[in-house]
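Chemist: To start, I am sharing the structure in question, which I have written as structure tokens.
In our numbering, the protein residues as written are 126 to 227.
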């Protein structure tokens, strides 16, 4: 029941919306994020950016870290498998790091 409510809340978020997310799990290529302000919806964000690859995903994300993320696709926008896809912008300074940490 909670999962359906979270999925419905996530699909109602317009693409381009900035949200606060919490890192739940870090894999070599992506991080699993939850959106506590939107029913605990779960989304996925890439670890690497177009111009920056990290030797270790933990250079960018750590579990329980709070980040500012942007919705790039959801079920309503035709995301593959109806997944909630997010991006975490890098902060200034060119160093990468924990982009957008709150």
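Glycine included, C-beta positions come from ideal geometry on N, C-alpha and C. All values reported here derive from a predicted model rather than from experimental measurement.
Round the Cβ separation of residue 158 and residue 148 to the nearest angstrom and send it over; I've been treating them as touching at under 8 Å.
Modeler: Numbered from 1 along the chain shown, position 33 holds the residue referred to as residue 158. Numbered from 1 along the chain shown, position 23 holds the residue referred to as residue 148. Contact flag correct, Cβ pair sits at about 6 Å.
Chemist: Can you give me the C-alpha to C-alpha distance between residue 154 and residue 183, rounded to a whole angstrom?
Modeler: Locating residue 154 in the chain shown gives position 29, where the first residue counts as 1. Locating residue 183 in the chain shown gives position 58, where the first residue counts as 1. Distance between the alpha carbons of residue 154 and residue 183 is about 11 Å.
Chemist: Could you tell me if residue 172 is buried or exposed, where buried requires 16 or more neighbouring beta carbons within 10 angstroms of its beta carbon?
Modeler: Taking the first residue of the chain shown as 1, we reach residue 172 at position 47. Burial call: buried.
Chemist: In whole angstroms, give me the CA-to-CA distance for residue 139 and residue 196.
Modeler: Taking the chain shown and counting its residues from 1, the one referred to as residue 139 is at position 14. Taking the chain shown and counting its residues from 1, the one referred to as residue 196 is at position 71. When rounded, the distance between both Cα atoms is 7 Å.
Chemist: Short of 6 Å in beta carbon distance, which residues of its chain neighbour residue 167, apart from the five on each side in sequence? Order them along the chain.
Modeler: Counting from 1 along the chain shown, the entry for residue 167 is found at position 42. Hits under 6 Å: 159.
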